[in-house]
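Student: Structure incoming, see below.
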């Protein structure tokens with residue numbers, strides 16, 4: 001039974017890490033596409049939109065990676081490994097917090113621009 005759980009956690013962790021990598025790859029591709037469009041259309045104001053799009057994908061990838069880290073603690077063999085995973089989880093959680101904070105701050109000015117004036 002222990003071997004089954006160990007293998008299941010290993011494969012789930014692997015799947016979450018792949019999903020995180022795919023989120024980064026898709027976000028990079030979409031951001032690069034929008035960046036090139038903004039560059040050739042000479043709409044430099046759209047660069048903020050590119051940053052926000054990429055930040056959202058990075059935040060999603062961090063969530064997947066954090067999930068993989070949490071699963072890793074289930075099969076960590078000793079306290080040293082748990083400590084390392086905990087430190088990584090804290091760093092990723094902090095990065096995600098500040099990334100979401102920046103996304104929200106950047107969206108506020110855009111929301112004001114989009115709202116019609118009465």
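Numbering (our numbering), first residue to last: 1 to 118.
We put the CB at the ideal spot given by N, CA and C, even for glycine.
This structure is a prediction, so every number in the text was calculated from the model and none was measured.
Classify residue 57 as buried or exposed, calling it buried when 16 or more other Cβ atoms lie within 10 Å of its own Cβ.
Tutor: buried
Student: Does residue 65 pass the burial test, meaning 16 or more other C-beta atoms within 10 Å, or should it be called exposed?
Tutor: Taking all protein chains in view, the Cβ of residue 65 is crowded by 16 or more other Cβ atoms within 10 Å, so the residue is classified as buried.
Student: Can you grab the Cα-Cα spacing for the pair residue 105 / residue 62, in whole Å?
Tutor: 19 Å
Student: So, are the CB atoms of residue 95 and residue 69 less than 8 Å apart?
Tutor: no
Student: Is residue 43 helix, strand or coil when you go by DSSP?
Tutor: Note: residue 43 maps to coil in three-state DSSP.
Student: If we count Cβ pairs, one from each stretch, closer than 8 Å, do we get three or more for the region 77-93 versus the region 34-52?
Tutor: Counting Cβ pairs under 8 Å, fewer than three are found: no touch.
Student: Please report how far the alpha carbon of residue 46 lies from the alpha carbon of residue 5, in whole angstroms.
Tutor: As the crow flies, the alpha-carbon of residue 46 is around 48 Å from that of residue 5.
Student: In chain order, what residues of the same chain lie with their CB nearer than 7 Å to the CB of residue 23, ignoring the 5 residues before and after it?
Tutor: So the qualifying residues of the chain are 57, 60, 61, 64.
Student: Restricting to Cα atoms, I'd like to know which of 87, 42, 72 is closest to residue 17.
Tutor: 72
Student: Could you give the C-beta distance for residue 102 and residue 55, rounded to a whole number, given that I count them as a contact under 8 Å?
Tutor: That pair is a contact at about 7 Å.
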